[in-house]
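Here the structure comes first, spelled out in structure tokens, and everything after it is commentary.
There are 2 protein chains.
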Amino acid sequence: MVRKNYSEEQEKMARFAKAMGHPARIAILQFLASQECCFFGDIHEELPIAKATVSQHLKELKEAGLIQGEIEAPKVRYCINKENWKLAQKMFADFLGQPICKKESCCE
Amino acid sequence: MVRKNYSEEQEKMARFAKAMGHPARIAILQFLASQECCFFGDIHEELPIAKATVSQHLKELKEAGLIQGEIEAPKVRYCINKENWKLAQKMFADFLGQPICKKESCCE
DNA sequence: TTTGTTGTTCGCAAAATTACGAATAAAATT
DNA sequence: AATTTTATTCGTAATTTTGCGAACAACAAA
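As structure tokens, then:
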């Protein structure tokens, strides 16, 4: 068994994907992408979960780099992190768009 | 707090993303996408983890619909599930490609 | 300064994930 | 029939995730 580590690329893909791996976080991203202004409360209103849980999901998305938040006391404004969003867009497009084996002998 | 459920679309996105949310599974998908033939042993060789763990990851990818396996005794051939792969491609492209708020007042 | 609003953090519990070696299953080979 | 090859399943442990209410922090408003 070849003890090969995962590449940075693979780790990064997985990081993005994991952050998107919960319906609440997909909903948050979708909402943020569609909103001009995006306070915590607005996001909480959209979701069927407690605010503590919303806060947790936001933290994960922030740590994955997909969103950013800034305090606008006493509120907090959340937004898509556009730079990383674009990066994710490219990475997923490249990953899922790579040519798949077309041989008849394989997997029909 | 509006007790709104997540949409089928959101659940499906999250399901795909979650399946891709581990570097081992990213590596598996990458390997499968690049190979004509893809037996369990070949995949195991590529990864720094025990076969039981590989088997588990393959099971998750299969259950998420991203891959398929068929027995070719005593081996098992694994392949990308092309139909769902395409679906994922479209869903991620649509999701990450959706227009993001461009207002100056928002998130600069 | 007291009160109210807004979110985060804490503490906890339940469930899911990740990982491994051992045991097992299934079929080909000897 | 016994053995070998190949991969899954079992049993277990450690860690992470998900979720909640309560407590807390930070600042605005009265």
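Those protein sequence lines, which keep their order, are chains S and L. The opening position of the first sequence corresponds to residue 1 in the working numbering, with each subsequent residue numbered one higher. The opening position of the second sequence corresponds to residue 1 in the working numbering, with each subsequent residue numbered one higher. Note that CB positions come from ideal geometry on N, CA and C, so glycine has one too.
Proximity of chain S to L:H57 at the Cβ level (cut-off 7 Å) is not reached, the minimal Cβ distance being about 12 Å. Among the residues facing chain S, L:N5 is included, as its CB has a counterpart in that chain under 8 Å away. Note on L:K12: 16 or more other CB atoms within 10 angstroms of its CB, so buried under the neighbour-count rule.
Counting other Cβ atoms within 10 Å of its Cβ, L:N81 reaches 16 or more and is therefore classed as buried.
Going by DSSP, S:I26 is part of the alpha helix (DSSP H) stretching over 23-34. The Cβ of L:G65 sits no closer than 8 Å to any Cβ of chain S. Think of a sphere of 7 Å around the beta carbon of S:K82: the chain L residues whose beta carbon falls inside it are I100, in chain order. The Cβ-Cβ distance between L:A19 and L:A64 falls below 8 Å. If only complete runs of 3 or more residues are kept, the stretch 56-106 of chain S shows the beta strand (DSSP E) at 67-72, 75-80, in order along the chain. Shortest Cα-Cα distance from L:P23 to any of L:M91, L:I100, L:H57 involves L:H57. Each residue's CA atom was taken as its position, placing S:Q89 and L:A33 some 19 Å apart. Counted as a single uninterrupted DSSP element, the alpha helix (DSSP H) harbouring S:A14 occupies residues 8-19.
For S:F39, there is no enclosing alpha helix (DSSP H), since its DSSP letter is neither H nor E. Nearest C-alpha to L:A14 among S:R25, S:E9, S:G97: S:R25. L:C79 and L:G69 have their alpha carbons spaced roughly 6 Å apart. Contacts with chain L at 8 Å (Cβ-Cβ) do not include S:G41. If you draw a straight line from the Cα of S:L66 to the Cα of S:L29, it comes to about 8 Å.
Against chain L, the CB of S:A73 has no partner CB under 8 Å away; the residue lies outside that interface. Remark: C-beta atoms of L:N84 and S:P48 do not approach each other more closely than 8 Å. Contact annotation for S:K18 against chain L: A17, K18, M20, G21, H22 [CB-CB distance below 9 Å, chain order]. Interface annotation, L:F92: in contact with chain S, CB-CB separation under 8 Å.
Residues of chain S whose Cβ lies closer than 7 Å to the Cβ of L:A33 are, in chain order, Q98, I100.
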